[in-house]
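Asks: Below are the structure tokens for one structure; questions will follow.
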Amino acid sequence: MRTTEIYVQGMHCASCVARVEKALRQVRGVSDASVNLVTNKATVQYDESAVKRQDLEKAIATAGYTPLAVPESDKKKVLDTEKDIEQTAQNQEIADLKKRLIFSGILSALSLILNFYYLFPFLSEISLQSVYYILFVIVTPVQFYAGLPFYRGFWNTLKHKTADMNSLIAVGTSAAYFYSAAVTFFPYIIPETSRAVYYDTAAVIITLIILGRFLEAKAKGRTSEAIKRLFALRPKTAVIERNGSEMTVPIEEVQPGDVVILKPGQKMPVDGIVISGSSSIDESMITGESLPVDKQAGDTVIGATINKQGMLKVRATKVGSETVLAQIIKLVEQAQGSKAPIQRLADKVASQFVPAVIAVALITFIVWFFLGPKPSVTYALVNFIAVLIIACPCALGLATPTAIMVGTGKGAEYGILFKNGEALETAHQITTVVFDKTGTLTKGTPEVTDVFPVGKMTAEDVLFYASVAEKGSEHPIGEAVLKELEKMNRTAPDADVFSAFPGMGVMATYKGKQLLFGSRKLMTYYSIDVNSIEENLGELEMQGKTAMVLCIDRQVAGVVAVADVVKPDAQKAIEKLHLMNKKVILMTGDNAKTAEAISRQLGIDTIRAEVLPEDKAEEIKRLQTQGYIVAMAGDGINDAPALVQADVGIALGSGTDVAVESGDIVLMKNSLMDVVRAMELSSYTIKKIKQNLFFAFFYNTVAIPIAAGVLYPFTGFLLNPMIAAAAMAMSSLSVVTNSLSMKRYQFTIDN
Numbered sequence: 008m009r010t011t012e013i014y015v016q017g018m019h020c021a022s023c024v025a026r027v028e029k030a031l032r033q034v035r036g037v038s039d040a041s042v043n044l045v046t047n048k049a050t051v052q053y054d055e056s057a058v059k060r061q062d063l064e065k066a067i068a069t070a071g072y073t074p075l076a077v078p079e080s081d082k083k084k085v086l087d088t089e090k091d092i093e094q095t096a097q098n099q100e101i102a103d104l105k106k107r108l109i110f111s112g113i114l115s116a117l118s119l120i121l122n123f124y125y126l127f128p129f130l131s132e133i134s135l136q137s138v139y140y141i142l143f144v145i146v147t148p149v150q151f152y153a154g155l156p157f158y159r160g161f162w163n164t165l166k167h168k169t170a171d172m173n174s175l176i177a178v179g180t181s182a183a184y185f186y187s188a189a190v191t192f193f194p195y196i197i198p199e200t201s202r203a204v205y206y207d208t209a210a211v212i213i214t215l216i217i218l219g220r221f222l223e224a225k226a227k228g229r230t231s232e233a234i235k236r237l238f239a240l241r242p243k244t245a246v247i248e249r250n251g252s253e254m255t256v257p258i259e260e261v262q263p264g265d266v267v268i269l270k271p272g273q274k275m276p277v278d279g280i281v282i283s284g285s286s287s288i289d290e291s292m293i294t295g296e297s298l299p300v301d302k303q304a305g306d307t308v309i310g311a312t313i314n315k316q317g318m319l320k321v322r323a324t325k326v327g328s329e330t331v332l333a334q335i336i337k338l339v340e341q342a343q344g345s346k347a348p349i350q351r352l353a354d355k356v357a358s359q360f361v362p363a364v365i366a367v368a369l370i371t372f373i374v375w376f377f378l379g380p381k382p383s384v385t386y387a388l389v390n391f392i393a394v395l396i397i398a399c400p401c402a403l404g405l406a407t408p409t410a411i412m413v414g415t416g417k418g419a420e421y422g423i424l425f426k427n428g429e430a431l432e433t434a435h436q437i438t439t440v441v442f443d444k445t446g447t448l449t450k451g452t453p454e455v456t457d458v459f460p461v462g463k464m465t466a467e468d469v470l471f472y473a474s475v476a477e478k479g480s481e482h483p484i485g486e487a488v489l490k491e492l493e494k495m496n497r498t499a500p501d502a503d504v505f506s507a508f509p510g511m512g513v514m515a516t517y518k519g520k521q522l523l524f525g526s527r528k529l530m531t532y533y534s535i536d537v538n539s540i541e542e543n544l545g546e547l548e549m550q551g552k553t554a555m556v557l558c559i560d561r562q563v564a565g566v567v568a569v570a571d572v573v574k575p576d577a578q579k580a581i582e583k584l585h586l587m588n589k590k591v592i593l594m595t596g597d598n599a600k601t602a603e604a605i606s607r608q609l610g611i612d613t614i615r616a617e618v619l620p621e622d623k624a625e626e627i628k629r630l631q632t633q634g635y636i637v638a639m640a641g642d643g644i645n646d647a648p649a650l651v652q653a654d655v656g657i658a659l660g661s662g663t664d665v666a667v668e669s670g671d672i673v674l675m676k677n678s679l680m681d682v683v684r685a686m687e688l689s690s691y692t693i694k695k696i697k698q699n700l701f702f703a704f705f706y707n708t709v710a711i712p713i714a715a716g717v718l719y720p721f722t723g724f725l726l727n728p729m730i731a732a733a734a735m736a737m738s739s740l741s742v743v744t745n746s747l748s749m750k751r752y753q754f755t756i757d758n
């Protein structure tokens, strides 16, 4: 069995997805096929001995869509290159939609002006028949050039005996256009009271739908950015030791077993084991650990992490696609491919609504043709067209996008960026919120939280001498101590002598005094008794803080605690989520003790600690299989697979570019209260969408029987197509007005 991905052009709704999946699954030898509307990719599992990739591409083409092959051998090249085959296809689609949009937009505006020509003095001299001819010339290119994709889609659905939004658009606009053409060139077959044209209606509908598809295509074009940014993290070269000499080689030439030399400030090019040297490594982008991790001979290191201090020699154990970073990239790709598209209510209804409307229109024509008064053909045609016009999908096409457009705009006012309508539609359904710790619930950088002086020392004295000792260090703990001293408007002088002990602390001399500042290990190394402060150390460590001991001339002078502190609004956000009956989980790559301390402080009752990046995505999957609708909030590279796997990924704007690209929602203000606002706005938007769909169908549903002529035997009343168009316009106006009312919405958490 083999799994492959095929990029598919031309999909626009849930019906398209179902059609491609059905076509692929019917190919003999295919065990499963899953199509993602967001990424436009079909993921297919098939027996390589029974079916070839070309057979899969042929099945997609037969279904009416365009497959774009990305050979497996070129996969790496495609992802590394800016202009790969998928990006080119996306750019072509966007360019084509933009061209059609500008073309139809200009001509639609002209058709609207001409439709109300009598309001413009410079046009008032033109005869009505001349206006009809001009409108025909203007709108025909819109109908058959700009609207060509809708006709293609309609033809494809017709061949497969189904219906979708393309069917509604093609049937509705064609009814308006051809009826108008009949009035223009054969007015004698239409009763005089019904001689009106609807050219502008057809043109404007096409333009609005193209606008929606253009915006959708641009949003889809950004989905591959997360993968590209992940690949950009890899160093392009590595310094290796071969035959007793150092040489710089491209990263692709590094082999397992090679000795890689890593200098301070460089990125680790491969996964490996330290064979000599000691240093501290910033692994926050991979593991989520906020503080650098000390490494020495025998310790493992991860590719793309940053060497903070010292020189290391590392024996490569995993290279290329086997590294942790490569596995993260693979997980992001898989999660993107497996995320199911949201079934839009409009598309679901359309599949039943369109055939029903066409059936009613045909029955109307037949009944009036055989049973109607003379001239029966005229009455049959007028009522047939009236039914189709009243069912024209203008309001249906506007119902969801207008609410989403206003909803996303409202979110943007508060710095809540919804990347797509799916995220806005799904957020209100979330039952479980999973938070990363470092940089999400916490600030992401260590700060001094406690200072305990011993004997005659003051807290300021302890910070002063600790700062003197740390001034020669580049360790984040030292930076936190120096920043704390600066808050007291004091600066630390240089030490006379400075030495660093990786993994333990520092030693310095200042004005004849020996200063030691570090962990228990450093105190043990110098045989210094810390029993007098054991209670303080134990309490701080229980709280998940890093406790550093200061000794002056081998006497304990104080303790400084450093920790990654929680954000000011974290607790309030957790409380609000609990009030909304949401399950809250803390998931972090950090140690269990720190995670427990944070969870106690914030009132989180479920913890997943020491979770690796690949396991984060699995944890999200496990929750989803249990029936939870999961949101993941994070900011690091290590969160990317989980952000994509989650039903809604929420990335903090201050996070890494990869996290921001992987998330469905970006919180630009980095406020955790915006997680709550996003869910509240989603719920309100869904409410508006449902109201819009009611307005979209209400006039049509009531008027279709009237358009068919059910009142004629009792009252002699027939629905004029102009009234049908007015009803359609009223439903569209109701939808737009209802959506615009969202601008006045106030979040309940702000009241």
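Counting in the numbering used here, the sequence shown tops out at residue 758, every number present. Yeah, the Cβ is synthetic: ideal placement off N, Cα and C, and Gly gets one too. These numbers were taken from a predicted model, which means no experiment stands behind them.
If you scan the stretch 439-495 from start to end, which runs of the beta strand (DSSP E) of 3 or more residues do you find wholly inside it?
Replies: 439-442, 454-460, all fully within the stretch 439-495.
Asks: Using only the alpha-carbon positions, how far apart do VAL682 and GLY414 sit?
Replies: Going from the Cα of VAL682 to the Cα of GLY414 covers about 15 Å.
Asks: Exposed or buried, which one is ILE799 when buried takes at least 16 other CB atoms within 10 Å?
Replies: This structure cannot speak to residue 799, because the chain is shown only from 8 to 758.
Asks: Is the beta carbon of THR456 closer than 7 Å to that of LYS552?
Replies: Yes, they are a contact pair.
Asks: Tell me whether ALA564 sits in a helix, a strand or coil according to DSSP, three-state version.
Replies: Strand.
Asks: Would you say the stretch 455-473 touches the stretch 543-563, given that touching needs at least three Cβ pairs under 8 Å?
Replies: Cβ pair count under 8 Å is three or more, so yes.
Asks: Helix or strand or just coil, what does DSSP make of THR595?
Replies: DSSP places THR595 in coil when its eight states are reduced to three.
Asks: Mind checking who TYR517 pairs with in its DSSP beta bridge?
Replies: Answer is LYS520.
Asks: Between ILE288 and LYS302, how many whole angstroms is the CB-CB distance? I'm expecting something under 8 Å.
Replies: The pair is a contact, with the Cβ atoms about 5 Å apart (cut-off 8 Å).
Asks: Quick check on the DSSP output: the beta strand (DSSP E) that includes ASN43 runs from which residue to which?
Replies: 37-43 is the span of the beta strand (DSSP E), which, as asked, contains ASN43.
Asks: Taking DSSP as the reference, what is the three-state secondary structure of GLY759?
Replies: With the chain running from 8 to 758 in the structure shown, residue 759 is simply not present.
Asks: In this structure, does DSSP put ARG202 in helix, strand or coil?
Replies: Three-state result, ARG202: coil.
Asks: Cα-Cα, which of ASN47, GLU12, VAL504 is closest to ARG60?
Replies: Here the closest residue by C-alpha is GLU12.
Asks: Beta-carbon within less than 7 Å of ASP501's beta-carbon, same chain only, minus the 5 sequence neighbours each way: which residues are those?
Replies: For ASP501, where only same-chain residues beyond five positions count, the Cβ hits under 7 Å are LYS478.
Asks: When you compare the stretch 432-446 with the stretch 262-272, are there three or more beta-carbon pairs, one atom per stretch, that lie closer than 8 Å?
Replies: With the cut-off at 8 Å, the stretch 432-446 and the stretch 262-272 do not touch.
Asks: Please state the DSSP three-state secondary structure of ASP646.
Replies: Of the three classes helix, strand and coil, the one that applies to ASP646 here is helix, per DSSP.
Asks: Please state the DSSP three-state secondary structure of PRO257.
Replies: Strand, per DSSP.
Asks: For the stretch 131-168, list the beta strand (DSSP E) runs that are entirely contained and at least 3 residues long, ordered along the chain.
Replies: Runs of the beta strand (DSSP E) inside the stretch 131-168: none found.
Asks: Hey, quick one: how far does the beta strand (DSSP E) through ASP425 stretch, first residue to last?
Replies: Here residue 425 turns out to be Phe, not Asp, going by the sequence shown. Counting along the chain, the beta strand (DSSP E) containing PHE425 begins and ends at 423-425.
Asks: Count the other CB atoms within 10 Å of the CB of VAL144; is the residue buried (16 or more) or exposed (fewer)?
Replies: Exposed, since its Cβ has fewer than 16 Cβ neighbours within 10 Å.
Asks: What do you reckon, are the CB atoms on ALA599 and LEU593 nearer than 7 Å?
Replies: No.
Asks: If contacts are defined as beta-carbon pairs under 8 Å, then LEU489 and PHE471 qualify, I think. What distance do you get, rounded to the angstrom?
Replies: Between PHE471 and LEU489 the Cβ distance is about 11 Å, and since that is not below 8 Å, they are no contact.
Asks: Between the alpha carbons of ARG26 and SER137, how many angstroms are there, rounded?
Replies: Approximately 45 Å between the Cα atoms of the pair.
Asks: Determine the DSSP secondary structure at MET8, reduced to helix, strand or coil.
Replies: MET8: coil per DSSP, three-state reduction.
Asks: If we ignore side chains and look at the alpha-carbon of each, how far apart do ILE101 and LEU218 end up?
Replies: So the two alpha carbons sit approximately 11 Å from each other.
Asks: What are the boundary residues of the beta strand (DSSP E) that includes ILE282?
Replies: Here the beta strand (DSSP E) through ILE282 covers 278-283.
Asks: Ordered along the chain, which non-local residues of its own chain (more than five positions away) have a Cβ less than 8 Å from that of ILE437?
Replies: Excluding residues within five positions, the ones whose Cβ falls inside 8 Å are LYS589, ILE636, VAL637, ALA638, ASP654, VAL655, MET686.
Asks: Is MET555 closer than 7 Å to VAL567 when the C-beta atoms are compared?
Replies: Yes, the pair counts as a contact, with Cβ atoms nearer than the cut-off.
Asks: Enumerate, from N- to C-terminal direction, the unbroken alpha helix (DSSP H) stretches of 4 or more residues contained entirely within the stretch 518-556.
Replies: Runs of the alpha helix (DSSP H) inside the stretch 518-556: 527-532, 541-549.
Asks: In or out: GLY512 buried (at least 16 other Cβ within 10 Å) or exposed?
Replies: It is buried - the Cβ of GLY512 has at least 16 other Cβ atoms within 10 Å.
Asks: To which residues does DSSP link GLY512 through a beta bridge?
Replies: GLY512 is bridged to PHE508, GLY525.
Asks: Does the beta-carbon of SER131 have 16 or more other beta-carbons within 10 angstroms, so that it is buried, or is it exposed?
Replies: Result: exposed.
Asks: Residues in its own chain within less than 6 Å of LEU114 by CB, not counting five upstream and five downstream?
Replies: If we look at LEU114 and ignore the five residues flanking it on each side, its Cβ neighbours are ILE145, VAL149.
Asks: Would DSSP call THR73 helix, strand or coil?
Replies: THR73 falls in the strand class under three-state DSSP.
Asks: Leaving out the 5 sequence neighbours to the left and right, which residues in its chain are closer than 6 Å to GLY428 when beta-carbon positions are compared?
Replies: Correct list, in chain order: ILE411.
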